[in-house]
Amino acid sequence: GTRLLLQILIVYYVFPGFGLKLDAFTSGVVALSFNSAAYISEIFRAGIESISFGQFEAANSLGMNYYQTMRYVILPQTIRRVIPPITNEIVALLKDTSLVMITGIAELTYKSKQISSATANVLTPYLAAGIIYLLLTIPLTRLSQNLERRFAKGD
355 GTRLLLQILI VYYVFPGFGL KLDAFTSGVV ALSFNSAAYI SEIFRAGIES
405 ISFGQFEAAN SLGMNYYQTM RYVILPQTIR RVIPPITNEI VALLKDTSLV
455 MITGIAELTY KSKQISSATA NVLTPYLAAG IIYLLLTIPL TRLSQNLERR
505 FAKGD
């Protein structure tokens, strides 16, 4: 439940106090990974819980054990349901990478800030950064749409 910025700061500044010294890039990757892993696991948990209990009962009546039920009945339905929220999380993660500039990593937003400060041109660097983020997220969204269509054919 803590903010991602706080998590990045904890990994970068507090972990060395416990003997785990990480450089700025690794700290950013670790914090972003932990944060996204928590959200993605919650997405999958909710996806599994959204499947009707009758599906479990039907698989059980066919003689399937727990692992067969999950593999052949529950998870295929879950995958269809979690594609949109997983895509949202990936796009959010892409945008959240700008927060690692607090540790000194020169990423896209930070570079835009440096360029706008050096040239006194505020609009162009930030507009370029926005276009780059857009060009990165459009293929992810298209991939998600293709996956949704592909898995919907199984209905």
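Just so it is clear: in the sequence shown, position 93 is 447 by the numbering used here, and no numbers are missing. Cβ coordinates follow ideal geometry from the N, Cα and C atoms, glycine included.
Is it the case that the Cβ atoms of Gly484 and Val436 are separated by a distance below 9 Å? Translated into the one-based positions of the sequence shown, residue 484 becomes position 130. Translated into the one-based positions of the sequence shown, residue 436 becomes position 82. It is not a contact, given that the beta carbons lie outside the stated cut-off.
Arg425 versus Tyr393: straight-line alpha-carbon distance, rounded: As a working mapping, residue 425 is identified with position 71 in the sequence shown. As a working mapping, residue 393 is identified with position 39 in the sequence shown. In a straight line, the C-alpha of Arg425 is about 22 Å away from that of Tyr393.
Are Ile405 and Gln431 touching if we call contact CB-CB under 9 Å? Within the sequence shown, residue 405 is the residue found at index 51, counting from 1. Within the sequence shown, residue 431 is the residue found at index 77, counting from 1. The answer is yes: Cβ separation under 9 Å.
Comparing alpha-carbon positions, which option in Thr457, Glu443, Pro438, Asn414 lies nearest Leu360? Position 6 of the sequence shown, counted from the start, is the residue given in the question as residue 360. Answer by Cα proximity: Thr457.
Under the assumption that Ile364 contacts Gly382 (Cβ atoms under 8 Å), give the Cβ distance between them as a whole number of angstroms. Mapped onto the sequence shown, residue 364 falls at position 10. Mapped onto the sequence shown, residue 382 falls at position 28. That pair is no contact at about 12 Å.
So what's Ala392 in DSSP terms, helix, strand or just coil? In the sequence shown, counting from the first residue as 1, residue 392 sits at position 38. Here Ala392 sits in helix by DSSP.
Could you tell me the alpha carbon to alpha carbon distance between Ser447 and Thr441, rounded to whole angstroms? By 1-based counting over the sequence shown, the position of residue 447 is 93. By 1-based counting over the sequence shown, the position of residue 441 is 87. Inspection of the sequence shows that residue 447 is occupied by Leu rather than by Ser. Using only the alpha carbons, I get a separation of about 10 Å.
List in chain order: all unbroken alpha helix (DSSP H) runs of 4+ residues lying wholly within the region 395-482. Secondary structure remark: continuous alpha helix (DSSP H) runs of at least 4 residues inside the region 395-482, in chain order: 407-415, 420-423, 429-450, 462-473.
Compute the distance between the beta-carbons of Tyr487 and Leu462, then report whether it is under 9 Å. Within the sequence shown, numbered from 1, the residue matching residue 487 stands at position 133. Within the sequence shown, numbered from 1, the residue matching residue 462 stands at position 108. For Tyr487 and Leu462, yes; Cβs fall inside 9 Å.
Alpha carbons only, please: which of Leu481, Ala472, Ala391 is nearest the one belonging to Glu443? For this step, residue 443 is matched to residue 89 along the sequence shown. Nearest option by C-alpha distance: Ala391.
To the nearest angstrom, report how far apart Gly417 and Phe410 are at their CA atoms. Counting from one through the sequence shown, the residue named residue 417 turns up at place 63. Counting from one through the sequence shown, the residue named residue 410 turns up at place 56. Going by the C-alpha atoms only, they are around 11 Å apart.
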